[in-house]
Amino acid sequence: LISQWTSGNLDARVAGGESATELIERCRRFLQYLRSLHTKQILVCTHGRTLRCLICLIKEQEMAEMENYRHANTGLFQIQYHGSGFEVIRENDIAHLNGFQVK
Numbered sequence: 088l089i090s091q092w093t094s095g096n097l098d099a100r101v102a103g104g105e106s107a108t109e110l111i112e113r114c115r116r117f118l119q120y121l122r123s124l125h126t127k128q129i130l131v132c133t134h135g136r137t138l139r140c141l142i143c144l145i146k147e148q149e150m151a152e153m154e155n156y157r158h159a160n161t162g163l164f165q166i167q168y169h170g171s172g173f174e175v176i177r178e179n180d181i182a183h184l185n186g187f188q189v190k
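Numbers 88 to 190, taken from the numbering used here, label the letters of the sequence shown in order.
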């Protein structure tokens with residue numbers, strides 16, 4: 088599915104799933120919603136594919152570029168809104184995991 092999306096077939100989907108076209112539209116509506124809020128800080132937690140789609144929309148890139156945005160589990164992306172648009176100011180920051188060991 089990902090290879091189909093990367094090659095431009097944004098309508099491909101798994102049975103019962105969402106196409107990239109639908110994901111893009113959902114993410115666009117979400118960004119519009121964020122623009123309408125009058126809150127200074129918002130925490131958004133989401134799945135990796137949705138995160139990649141949001142980053143492409145914010146950076147005004149084609150969805151084929153979404154594979155270029157790697158993310159670690161709990162990786163932090165910090166985004167600011169400046170009235171005219173969003174700006175990614177931190178990508179996949181995992182500094183909060185320093186010294187953390189899984190047992």
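Glycine residues also receive a C-beta, built at the ideal position from the N, C-alpha and C atoms.
Rounded to the nearest whole angstrom, the C-alpha separation of H125 and N179 is 26 angstroms. According to the DSSP assignment, F173 belongs to the beta strand (DSSP E) that extends over 173–180. In the structure shown, Q148 adopts coil according to DSSP, grouped into three states. When the Cα atoms are used, N185 and Q148 turn out to be separated by approximately 32 angstroms. The segment 114–124 makes no contact with the segment 93–106: fewer than 3 CB pairs, one atom from each, lie closer than 8 angstroms. Contact annotation: L138 and Y156 have beta-carbon atoms nearer than 9 angstroms. Listed as beta-bridge partners of I166 by DSSP are V175.
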